[in-house]
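**Q** Can you keep this structure in mind? I'll have questions shortly.
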Amino acid sequence: MLPIVLLSVLSAVYAAVVPQLGFESHLPSQVAAGVQPLGKNVTINGVLTYVTLPKKKFDPKIAVLLLTDVFGLPSPDNLVLADQWAAAGFATFAPDYLNGDALPPDGLGNITAWAVNHGEAQTTPPLLAVVNALKSRGVKQIAVTGYCFGGLYTVRLVQNNTVTVGTTAHPSSLDVPIDFEVVKAQSHVPIEINNAELDTGFTPALAVETDSVLDDGQYPPGYLRRQFNGVGHGFAVRANASDPVQVAAKNGAFDTSLAFIKKHLK
Ligand SMILES: *[C@@H]1O[C@H](CO)[C@@H](O)[C@H](O)[C@H]1NC(C)=O
Ligand SMILES: *[C@@H]1O[C@H](CO)[C@@H](O)[C@H](O)[C@H]1NC(C)=O
Ligand SMILES: *[C@@H]1O[C@H](CO)[C@@H](O)[C@H](O)[C@H]1NC(C)=O
Ligand SMILES: *[C@@H]1O[C@H](CO)[C@@H](O)[C@H](O)[C@H]1NC(C)=O
Numbered sequence: 003m004l005p006i007v008l009l010s011v012l013s014a015v016y017a018a019v020v021p022q023l024g025f026e027s028h029l030p031s032q033v034a035a036g037v038q039p040l041g042k043n044v045t046i047n048g049v050l051t052y053v054t055l056p057k058k059k060f061d062p063k064i065a066v067l068l069l070t071d072v073f074g075l076p077s078p079d080n081l082v083l084a085d086q087w088a089a090a091g092f093a094t095f096a097p098d099y100l101n102g103d104a105l106p107p108d109g110l111g112n113i114t115a116w117a118v119n120h121g122e123a124q125t126t127p128p129l130l131a132v133v134n135a136l137k138s139r140g141v142k143q144i145a146v147t148g149y150c151f152g153g154l155y156t157v158r159l160v161q162n163n164t165v166t167v168g169t170t171a172h173p174s175s176l177d178v179p180i181d182f183e184v185v186k187a188q189s190h191v192p193i194e195i196n197n198a199e200l201d202t203g204f205t206p207a208l209a210v211e212t213d214s215v216l217d218d219g220q221y222p223p224g225y226l227r228r229q230f231n232g233v234g235h236g237f238a239v240r241a242n243a244s245d246p247v248q249v250a251a252k253n254g255a256f257d258t259s260l261a262f263i264k265k266h267l268k
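Following my numbering, the numbering of the sequence shown begins with 3 at its first residue and continues without gaps.
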């Protein structure tokens, strides 16, 4: 008998698991000086959550659940992105599913060592604590939007039919195509993916493999994928304001996810 550890190493070698990319694959924070997050940190069901609400009247029975990258709530880019969802009309919640242990923003973190403490066993409980609290407070429809690290959890919530609609950008840690075969087999939740031409994790080849499972009406609940060229991993969270290609891609990803979510909320 092979020990479990060896078996899991072997399966990791043979499965196309999208790697979790560290600091060097992301731009540093791109939030302009003077831009402040508009929301608040609130504890929901024991979990620190960044909550940001529309200025105008909104439907409290609908929530956007924003699942951050590895830099979590300490990264102003994630909070400002959540504010953008609020400005689009949705009460938006970004749970600290990194358990107060986001990857340091300065490149000093070690993603391999960090990932050991950020598997599904550690991440899913705080995530579901917030989801369950929202539902018990009367939220009837949740749209999840997950970036990088949040991509795996977006797909899990879609697989588990926990949410109404899901969108993700440059997802990591997915097992392709298996995770999407699971979506096809057991989900009725529409899903949209924004991928980057230059992403070394969820590569264009893996994106095409995903299409082979879900595209062309193979997934009746709804599937859309849009690739953004000339940009890399992380582009939907951080864009260099001096680079028009990056700015257009980030805006395009947001607009594509927003339109998909609006189309699929009832
Ligand atoms: C929310 O909490 C995070 C993590 O502790 C912190 O870095 C951030 O500045 C806080 N944001 C606000 C708006 O209070
Ligand atoms: C990162 O952590 C891994 C696992 O703990 C370790 O093997 C590796 O040497 C570390 N890398 C650096 C640059 O410290
Ligand atoms: C989804 O369901 C699986 C199987 O029951 C479970 O192991 C996993 O924790 C769930 N994940 C989420 C994010 O709900
Ligand atoms: C942003 O783009 C400008 C213009 O191309 C470039 O000079 C600068 O180094 C870029 N910044 C980062 C962090 O990539």
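Where is the CB? At the ideal position from N, CA and C, for every residue including glycine.
Using a Cβ-based criterion (distance less than 6 Å to any ligand heavy atom), does Asn231 qualify as near ligand 5?
**A** For ligand 5, the structure offers nothing, since it holds only ligand 1, ligand 2, ligand 3 and ligand 4.
**Q** Where in the segment 131 to 179 do unbroken runs of the alpha helix (DSSP H), each at least 4 residues long, occur, reported from the N-terminal end onward?
**A** Entirely contained in the segment 131 to 179, the alpha helix (DSSP H) runs reaching 4 residues are, in chain order, 151 to 161.
**Q** Sort Thr114, Ala171 and Thr51 by Cα distance to Pro21 and report the nearest one.
**A** Your numbering for residue 21 matches position 19 in the sequence shown. Checked all of Thr114, Ala171 and Thr51; the closest Cα to Pro21 is Thr114.
**Q** Helix, strand or coil: which one does DSSP assign to Leu8?
**A** As a working mapping, residue 8 is identified with position 6 in the sequence shown. Bear in mind that the predicted position of Leu8 carries a pLDDT of just 45, short of 50, making it too unreliable to give a figure here.
**Q** According to the neighbour-count rule (16 or more other Cβ atoms, all chains shown, within 10 Å of its Cβ), is Thr45 buried or exposed?
**A** Position 43 of the sequence shown, counted from the start, is the residue given in the question as residue 45. By the 10 Å Cβ count, Thr45 comes out exposed.
**Q** Just curious, the beta strand (DSSP E) that Gln86 is in, first and last residue?
**A** Here residue 86 refers to the residue found at position 84 when the sequence shown is read from its first residue. Premise fails: Gln86 lies in the alpha helix (DSSP H), Pro78 to Ala89, not in any beta strand (DSSP E).
**Q** Shortest alpha-carbon distance to Lys252 belongs to which of Pro39, Leu40, Pro76 and Tyr149?
**A** Locating residue 252 in the sequence shown gives position 250, where the first residue counts as 1. Ranking the options by Cα distance to Lys252, first place goes to Tyr149.
**Q** Indicate, with yes or no, if ligand 1 has a heavy atom lying under 6 Å from the CB of Leu67.
**A** Within the sequence shown, numbered from 1, the residue matching residue 67 stands at position 65. Result no, Cβ not under 6 Å from ligand 1.
**Q** Report yes if the C-beta distance between Leu200 and Gly234 is below 7 Å; otherwise report no.
**A** Your numbering for residue 200 matches position 198 in the sequence shown. Your numbering for residue 234 matches position 232 in the sequence shown. Their beta carbons are under 7 Å apart, which means Leu200 touches Gly234 by this criterion.
**Q** Using 8 Å for Cβ pairs, my map puts Asn163 next to Val191. What's the rounded Cβ distance?
**A** The residue given as residue 163 occupies position 161 in the sequence shown. The residue given as residue 191 occupies position 189 in the sequence shown. Asn163 to Val191, Cβ: 6 Å. Contact.
**Q** State buried or exposed for Asn134, treating a residue as buried only when at least 16 other CB atoms are found within 10 Å of its CB.
**A** As a working mapping, residue 134 is identified with position 132 in the sequence shown. Flag for Asn134 reads exposed.
**Q** Please find out if some non-hydrogen atom of ligand 2 comes closer than 6 Å to the beta-carbon of Asn119.
**A** As a position in the sequence shown, residue 119 is number 117, starting the count at 1. Checking the Cβ of Asn119 against ligand 2 gives no.
**Q** Under the criterion of a Cβ to heavy atom distance below 6 Å, does Asn242 qualify as lining ligand 4?
**A** Within the sequence shown, residue 242 is the residue found at index 240, counting from 1. Yes - ligand 4 has a heavy atom lying nearer than 6 Å to the Cβ of Asn242.
**Q** Are there 16 or more other CB atoms within 10 angstroms of the CB of Lys264, so buried, or fewer, so exposed?
**A** Position 262 of the sequence shown, counted from the start, is the residue given in the question as residue 264. Per the 10 Å Cβ criterion, exposed.
**Q** Looking only at its chain, what residues have a beta carbon closer than 6 Å to the beta carbon of Thr170, apart from the 5 residues adjacent to it on each side?
**A** Position 168 of the sequence shown, counting from 1, holds the residue named residue 170. Taken in chain order, the residues that qualify are Gly148, Gly153, Thr156 and Ile195.
**Q** How do the segment 93 to 112 and the segment 66 to 82 stand: do at least 3 beta-carbon pairs fall below 8 Å, yes or no?
**A** Short answer: they touch.
**Q** Should Asn162 be counted as a contact of ligand 3 given a C-beta to heavy atom distance under 6 Å?
**A** Here residue 162 refers to the residue found at position 160 when the sequence shown is read from its first residue. Asn162 Cβ: within cutoff of ligand 3.
**Q** Please go through the segment 178 to 217 and give each complete alpha helix (DSSP H) segment of 4 or more residues, from N-terminal end onward.
**A** Listed in chain order, the complete alpha helix (DSSP H) runs (minimum 4 residues) inside the segment 178 to 217 are 180 to 188 and 206 to 216.
**Q** Give a single yes or no on whether Asn43 has its beta carbon closer than 6 Å to a heavy atom of ligand 1.
**A** In the sequence shown, residue 43 corresponds to position 41, counting from 1. Yes, ligand 1 has a heavy atom inside 6 Å of this Cβ.
**Q** So which residues put a beta carbon under 5 Å from any heavy atom of ligand 2, going in chain order?
**A** This criterion selects Asn112, Thr114 and Ala115.
**Q** Give a single yes or no on whether Arg158 has its beta carbon closer than 6 Å to a heavy atom of ligand 3.
**A** Start at 1 with the first residue of the sequence shown, and residue 158 comes out as number 156. Because some heavy atom of ligand 3 lies under 6 Å away, the Cβ of Arg158 counts as near it: yes.
**Q** Are there 16 or more other CB atoms within 10 angstroms of the CB of Gly193, so buried, or fewer, so exposed?
**A** Walking along the sequence shown from the start, residue 193 turns up at place 191. What sits at residue 193 in the sequence shown is Ile, not Gly. Burial call: buried.
**Q** With 16 as the cutoff for other CB atoms within 10 Å, does Ile144 come out buried or exposed?
**A** Residue 144 sits at position 142 when you count from the first residue of the sequence shown. With 16 or more other Cβ atoms within 10 Å, it is buried.
**Q** For Leu55, does the three-state DSSP call read helix, strand or coil?
**A** For the purposes of this step, residue 55 is taken as the residue at position 53 of the sequence shown. In the structure shown, Leu55 sits in coil (DSSP, three-state: anything other than H, G, I, E or B).
**Q** Please state if the CB of Arg240 and the CB of Leu1 are separated by a distance shorter than 7 Å.
**A** Only positions 3 to 268 of the chain appear in this structure, which leaves residue 1 out of reach.
**Q** How would you label Ala261, buried or exposed, when you count the other beta carbons within 10 angstroms and need 16 or more for buried?
**A** Here residue 261 corresponds to residue number 259 of the sequence shown, with the count starting at 1. By the 10 Å Cβ count, Ala261 comes out exposed.
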